[in-house]
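Below is one structure, written out as structure tokens; the observations come after it.
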Amino acid sequence: MSSVAFFFLYLYVFWVLFLACAALYQGWHQATPLVKVLAVPLALTAFVVDLVFNYTFAVLLFLQWPPQGCYTLTKRISYYKNHEPGTWRGKVGKFICQNFLDPFQQGGHCS
């Protein structure tokens with residue numbers, strides 16, 4: 652598998668994990684204890700995938716290490732969107748939030 656194909660596959664799996672976690676978050680108060688227990692490995696997997704993406708692919712995408720305290724991709728792109736809105740990083744962060752994250756979480760995902 653080429654590096655480009657691996658990147659897009661990883662990105663797609665990462666997004667699907669986000670969608671699953673967003674759905675779990677939305678229905679958490681109605682979930683049974685069994686569902687909550689079964690959700691833990693999914694959430695942990697999503698978190699690890701997020702960290703790996705943020706410190707590998709996102710470094711290449713944004714051409715810099717994450718800002719201090721921005722351990723997840725959401726924190727990073729929210730930082731760029733809010734603190735560097737006129738830069739290309741801010742515009743990319745806004746695009747990702749508006750098109751891939753915010754529509755799938757009530758009230759939006761990026762702050």
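In this note's numbering, the protein residues as written are 652 to 762.
Cβ atoms here follow ideal geometry from the backbone N, Cα and C, with glycine treated the same way.
Assignment of Pro684 by DSSP, reduced to helix, strand and coil, places it in the helix class.
If you draw a 10 Å sphere on the C-beta of Tyr663, you find fewer than 16 other C-beta atoms in it, and that means exposed.
Contact between the segment 686-698 and the segment 706-718 is not established, with fewer than three Cβ pairs separated by less than 8 Å.
Counting along the chain, the unbroken alpha helix (DSSP H) around Gln677 starts and ends at Ser654 to Gly678. Inter-residue distance for Ala656 and Phe751 is about 20 Å (C-alpha atoms, whole angstroms). Per DSSP, Trp739 is one residue of the alpha helix (DSSP H) stretching across Trp739 to Ile747. Pairing Phe704 with Phe665 gives a Cβ-Cβ distance under 8 Å. Boundaries of the alpha helix (DSSP H) around Thr725: Leu724 to His734. A residue is called buried when at least 16 other Cβ atoms come within 10 angstroms of its Cβ; Leu685 does not meet this threshold and is exposed. By the CB criterion at 8 Å, Pro717 and Arg727 fall inside the cutoff.
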